[in-house]
Structure formats: structure tokens, C-alpha cells
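Numbering (my numbering), first residue to last: 5 to 462.
Ideal placement from N, C-alpha and C gives every residue a C-beta, glycine not left out.
Below: the structure, in C-alpha cells.
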């Protein structure tokens, strides 16, 4: 009889689950199937969707750090297929049925909680010839063919699933000098449900602990509703935090009319899984937490998580603060880069400093996320407050020559969706273009013809 475990068991749950001897359970089940007198009582349970242990018990590494030894460990320890793990020996690109099976696997993972597909691992079969879900051996593919196989898999996925999967990654992982396995990571999608659109097929699938299953109408409807709610919840978080900044709820006071840059980076997994940051990782390395302006700063724990704040001036007012929330989102508040009108009457927003700061914040935050085992997509929100009548300039006092000023007091730039594994220099262009458009320009001037930011040293 299966039982659903509560979602508040904490980090120790992953350790408990990891110590279960799956080989013992498999051997007991084989004894029962062969007619042995051994009586087997198996208690199954499903890990809650909010529990990080779902990922940890498979491979406790980020996607790009997984090695052939990690794959071999799954085989040696007979780690079975699950809701987040599927083994495939190979794929015949000439077979329509195998292509459909591949697309069903990908879409079902994206429609549930994400997971891994591993190509190049054979599966044990029962006496009746049926797959058992247990890995048998790593057979791999020829190293020289791995890139070509990945390109074909990417092409099939791109053309055979609607809408396209936003968080799909492939890697060739070497298991020896001549062979590699193909590892696919499918992130849980917030554009769900995805359906297989290859050939005449048009079905929705979801993955459970028993494998992939087709969805009925009501299940599809529920996925649509849930997918629409997530971005709205994330946007509501941003709006709530902006309200607190405007009402003066910062670590130290900010002048009411001081222009403020606020930048939020919110990992989607933070809202999906309700994970908690392991703050012990900062006990010996506080540099993991970025700074807002690089000035004299102080760190402290607070109710929201871990904060770094920077002060300056004769009145020790707040110049900047960085708040890392317990669930993984990070907030930057910069009250220094844009000078208030009392200090510099020209009312200039320095585009070069804003862009360099944003790139620095993103890159340092993504490095921090990797240390904290936070992966996948992020929503990035840029807000610039108290800038009615301001122009864009090269510096705090020199404008770019256009007479256009902002047409509102607060600028709320449309969010940017980006993967933590992406290169920030190319991913930020839509955000920076929207920032420039607030001041009458068509796009940012700080990108080359290939769409790469010119701020290479950041």
C-alpha cells in the first residue's frame, strides 16, 4: 500500500531514502516471483513534489558536472527507473514508433516534475522478457557519433512537441575512451501541458512512478490552470517586494525621492518545489552572496534569509542591499547609481553603469545558484523607481542627446526568462533593449552584431 510522505520532512529525508538498499528489495521480489517460500512485505511511498530528495537520490550534481562514474554508479547500485529517471538502450531514427516513444518520454517529464533520460544503458528483463526498470549495463554509443545523435534528438524534439520545451538539455557523457551515453535533462515546464504533435499523433502525457500515462480532458485542464498560476505568483512576489521598498521597508532608510534600481532574480524551481537554501554554505564563504554597489558592506541573517547591505554618506544611509530569500530568490536594491535631482540637477540615468551592474548581479547570482544546487529557468525583473523626468546618459551627468524623458515615475520592465546555465552576455539583450526603449531609443547600443553584450569584462 502506497503512502504519500508529508512535504515538511526536511533535508534528512534525502539521506534516509538514499540509504535504502534497492538491490535487497529487487532480490526479494525476484524470490517471490520464482515461487520461493519467502514472504515479502513491501511498503512503497511517493516523494512529495516539494521535496528536493526526488533529485538528490538519483544524481546529487548539477547537469554539467555529471560524469561517466555517476552513470555507472546508477547501474552498479541498480537504481530503478522512477518518476524522474528513464533508461534507454538506443534509438532507431528510422522507426516512427521509437521517435514517438522518445517524444512521449520528453513531454511526459516536462508535464510532471522533470527528470533525466539516459541513452546507452540497457535494461534488465524478466523471465517473460518484459522490462523490469532496472539498469543492466552501460552499452553507450560511439564517441564519434555522439554529437550527431544529439543533433538528431534535438531536431526531433523541436519539431515533434508543442509548445516547444523551454528547459531541455542534452550532453554526451564519456564512460570510457570509445563510448559515451547521451544524457537528457528535462525541466518541469511552466508552459505545460505539452503534447506530442509528430505525424498523426496528438496526445498529452504525464510521468508517474509507473511510467508515462496519457491524460484525460480534466487532467489537461488542471495542468493548464496550474501553468497559468505560476508566472502570476512569481509576478505577485515582485510586486509585493516593490511595495515594501517604496514604503521604506528596507534594512536602512532610503530618501523618499531617491531613484532606486531594484532587480529580482527568481528561480522557477523556488516556487515549484518550495525549497530552502542551505545557509551553512555561507558560513565559510560569505563572498558567495553578491553585493549591490561594491561599497562598505555588512551581512546578517534576518527573517527573510541572508542580507548584505551597504551604507555611505555622513548620515550612513542605505546605498544598496542584497537579500537572499530562504526559498532561493535574490533581490538587489541600488540607491546609489542614479543620483537624485538635489545632487545632480540634470536628472540622468547612466545606462552604462546600469547595464554593467545588471550583468554583474546576474553572473554572480547564477554562480551562487550553482553552489546552492539551484538549476533551471529564472524570471528576472528590473524596476527603476522615482525617475519621472529623467533622461538616459553615458554617465550620471551627461545625457545621450535625445530630449525624451521617462513618461512615468516608476519603470517596471517586462520580465526576462533565462536559464541559469545560459551565457548572460547574450541572454540579457531583450531586457536591456526594453530598458532603453523607456527613454525613447529603439534598442541598447551596447551589443555587437551577434547580439553579445560589449561589457565582456563583467
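Secondary structure at residue 303, three-state DSSP: helix, strand or coil? Translated into the one-based positions of the chain shown, residue 303 becomes position 299. Strand at residue 303.
Rounded Cβ spacing between residue 351 and residue 395 (contact assumed at less than 8 angstroms): Taking the chain shown and counting its residues from 1, the one referred to as residue 351 is at position 347. Taking the chain shown and counting its residues from 1, the one referred to as residue 395 is at position 391. Rounded, the Cβ-Cβ distance is 6 angstroms, consistent with contact.
Do you know how far the Cα of residue 336 is from the Cα of residue 151? Taking the first residue of the chain shown as 1, we reach residue 151 at position 147. Taking the first residue of the chain shown as 1, we reach residue 336 at position 332. Computed Cα separation, rounded: 40 angstroms.
I need the DSSP call for residue 333, collapsed to helix, strand or coil. Counted from its first residue, the chain shown places residue 333 at position 329. In the structure shown, residue 333 sits in coil (DSSP, three-state: anything other than H, G, I, E or B).
By Cβ distance below 7 angstroms, which residues in the same chain neighbour residue 156 in space, the five residues on each side in sequence not counted? Taking the chain shown and counting its residues from 1, one reaches residue 156 at position 152. Taking residue 156 as the centre and dropping the five residues before and after it, the same chain places the C-beta of 97 closer than 7 angstroms to its C-beta, in chain order.
With C-beta atoms as the reference, is residue 419 less than 8 angstroms away from residue 273? By 1-based counting over the chain shown, the position of residue 419 is 415. By 1-based counting over the chain shown, the position of residue 273 is 269. In this structure, residue 419 lies away from residue 273, with their beta-carbon atoms at least 8 angstroms apart.
May I ask you to check if the CB of residue 186 is nearer than 7 angstroms to at least one heavy atom of the ligand ATP? The ligand ATP is not among the ligands present in this structure, which contains no ligands whatsoever.
If I measure Cβ to Cβ from residue 115 and keep anything under 8 angstroms in the same chain, skipping five residues before and after, which residues do I get? The residue you call residue 115 lines up with position 111 of the chain shown. So the qualifying residues of the chain are 193, 196, 197, 198, 208, 209, 210, 211, 219 and 227.
Using the Cα positions of residue 128 and residue 456, report the straight-line distance between them to the nearest angstrom. Here residue 128 is taken as the residue at index 124 of the chain shown, counted from 1. Here residue 456 is taken as the residue at index 452 of the chain shown, counted from 1. Cα atoms of residue 128 and residue 456: separation of roughly 48 angstroms, rounded to the nearest angstrom.
Given a cut-off of 8 angstroms, decide if residue 342 and residue 263 are closer than it, judged by their beta-carbon atoms. Residue numbering aside, residue 263 sits at position 259 when the chain shown is read from its first letter. Residue numbering aside, residue 342 sits at position 338 when the chain shown is read from its first letter. Pairing residue 263 with residue 342 gives a Cβ-Cβ distance under 8 angstroms.
Straight-line Cα distance separating residue 110 from residue 92: By 1-based counting over the chain shown, the position of residue 92 is 88. By 1-based counting over the chain shown, the position of residue 110 is 106. Cα to Cα, the separation comes out at about 12 angstroms.
Can you tell which of 376, 326, 331 and 85 has the C-alpha that lies nearest to the C-alpha of residue 361? Within the chain shown, numbered from 1, the residue matching residue 361 stands at position 357. Closest option to residue 361, judged by alpha-carbon separation, among 376, 326, 331 and 85: 326.
Excluding the 5 residues flanking residue 431 on each side, which residues of the same chain have their C-beta closer than 6 angstroms to its C-beta? Within the chain shown, the letter at position 427 stands for residue 431. Once the five neighbours on either side are set aside, the close Cβ partners of residue 431 are 422.
I'd like the ranges of any alpha helix (DSSP H) spanning at least 4 consecutive residues and lying wholly in the region 79-147. Entirely contained in the region 79-147, the alpha helix (DSSP H) runs reaching 4 residues are, in chain order, 100-115.
Would DSSP call residue 279 helix, strand or coil? Within the chain shown, the letter at position 275 stands for residue 279. DSSP places residue 279 in coil when its eight states are reduced to three.
Confirm, please, whether the CB-CB distance from residue 359 to residue 397 is below 8 angstroms. Start at 1 with the first residue of the chain shown, and residue 397 comes out as number 393. Start at 1 with the first residue of the chain shown, and residue 359 comes out as number 355. Between residue 397 and residue 359, the gap from beta carbon to beta carbon reaches 8 angstroms or more.
For residue 288, which of helix, strand or coil comes out of DSSP? Here the question's residue 288 lines up with position 284 in the chain shown. Secondary structure of residue 288 (DSSP, three-state): coil.
Can you give me the C-alpha to C-alpha distance between residue 333 and residue 320, rounded to a whole angstrom? Mapped onto the chain shown, residue 333 falls at position 329. Mapped onto the chain shown, residue 320 falls at position 316. Residue 333 and residue 320: Cα-Cα distance of roughly 27 angstroms.
Own chain, CB closer than 8 angstroms to residue 450, minus 5 neighbours either side, in chain order: Working through the chain shown from its first residue, we reach residue 450 at position 446. Only 355, 356, 359, 436, 457, 458 and 459 meet the Cβ criterion.
DSSP on residue 151, reduced to helix/strand/coil? Translated into positions along the chain shown, residue 151 becomes position 147. The DSSP-derived three-state label of residue 151 is helix.
Which of the three DSSP states, helix, strand or coil, is assigned to residue 360? Here residue 360 refers to the residue found at position 356 when the chain shown is read from its first residue. In the three-state reduction of the DSSP assignment, residue 360 falls in the helix class.
Measuring only between beta-carbons, confirm whether residue 275 sits less than 8 angstroms from chain B. The structure shown contains no chain B, having only a single protein chain.
Pull up the distance between the alpha-carbon of residue 441 and that of residue 387, whole angstroms please. As a first step, residue 441 is located in the chain shown; it is residue number 437 there, counting from the start. As a first step, residue 387 is located in the chain shown; it is residue number 383 there, counting from the start. The alpha-carbon atoms of residue 441 and residue 387 are separated by roughly 14 angstroms.
Can you round the beta-carbon distance between residue 179 and residue 75 to whole angstroms, since I take them to be within the 8 angstroms contact cut? Along the chain shown, read from residue 1 onward, the residue named residue 179 stands at position 175. Along the chain shown, read from residue 1 onward, the residue named residue 75 stands at position 71. Sure, about 6 angstroms apart at Cβ, within 8 angstroms.
What number of angstroms, rounded off, separates the C-alpha of residue 331 from the C-alpha of residue 275? Against the chain shown, residue 331 aligns to sequence position 327. Against the chain shown, residue 275 aligns to sequence position 271. C-alpha of residue 331 to C-alpha of residue 275: approximately 8 angstroms in a straight line.
Enumerated in chain order, which unbroken segments of the alpha helix (DSSP H) with a length of 4 residues or greater are wholly contained in the region 392-446? Runs of the alpha helix (DSSP H) inside the region 392-446: 428-431 and 433-441.
Determine the extent of the beta strand (DSSP E) in which residue 296 is found, giving its start and end residues. Numbered from its first residue, the chain shown carries residue 296 at position 292. That residue, residue 296, is in no beta strand (DSSP E); it is neither H nor E in DSSP.
Which same chain residues end up closer than 7 angstroms to residue 85 when comparing Cβ atoms and leaving out the 5 residues on each side of it in sequence? As a first step, residue 85 is located in the chain shown; it is residue number 81 there, counting from the start. The answer, listed in chain order, is 91 and 137.
Cβ of residue 384 within 8 angstroms of Cβ of residue 269? Here residue 384 is taken as the residue at index 380 of the chain shown, counted from 1. Here residue 269 is taken as the residue at index 265 of the chain shown, counted from 1. In this structure, residue 269 lies closer than 8 angstroms to residue 384 by Cβ.
Exposure of residue 222, with buried meaning 16 or more beta-carbon neighbours within 10 Å: Here residue 222 corresponds to residue number 218 of the chain shown, with the count starting at 1. Its Cβ having fewer than 16 others within 10 Å, residue 222 is exposed.
Counting along the chain, where does the beta strand (DSSP E) carrying residue 2 start and finish? No information on residue 2 is available, as it lies outside the stretch 5 to 462 that the chain covers here.
Tell me whether residue 188 sits in a helix, a strand or coil according to DSSP, three-state version. Taking the chain shown and counting its residues from 1, one reaches residue 188 at position 184. In this structure, residue 188 counts as strand in the three-state DSSP scheme.
Find out if the Cβ-Cβ distance for the pair residue 135, residue 82 is shorter than 8 angstroms. Here the question's residue 135 lines up with position 131 in the chain shown. Here the question's residue 82 lines up with position 78 in the chain shown. No, the Cβ-Cβ distance between residue 135 and residue 82 is not below 8 angstroms.
Keeping to the same chain, check which residues put their C-beta closer than 8 angstroms to that of residue 67; ignore five residues upstream and five downstream. The residue you call residue 67 lines up with position 63 of the chain shown. So the list reads 173, 175, 187, 189, 379 and 425, once near-sequence residues are dropped.
Tell me which same chain residues have a C-beta within less than 8 angstroms of the C-beta of residue 295, skipping the five on either side of it? Residue numbering aside, residue 295 sits at position 291 when the chain shown is read from its first letter. Result list for residue 295: 301, 312, 314, 324 and 326, in chain order.
Can you list, in chain order, the residues of its chain with a C-beta nearer than 7 angstroms to that of residue 147? Leave out the 5 residues immediately preceding and following it. As a first step, residue 147 is located in the chain shown; it is residue number 143 there, counting from the start. Only 178, 182, 183 and 184 meet the Cβ criterion.
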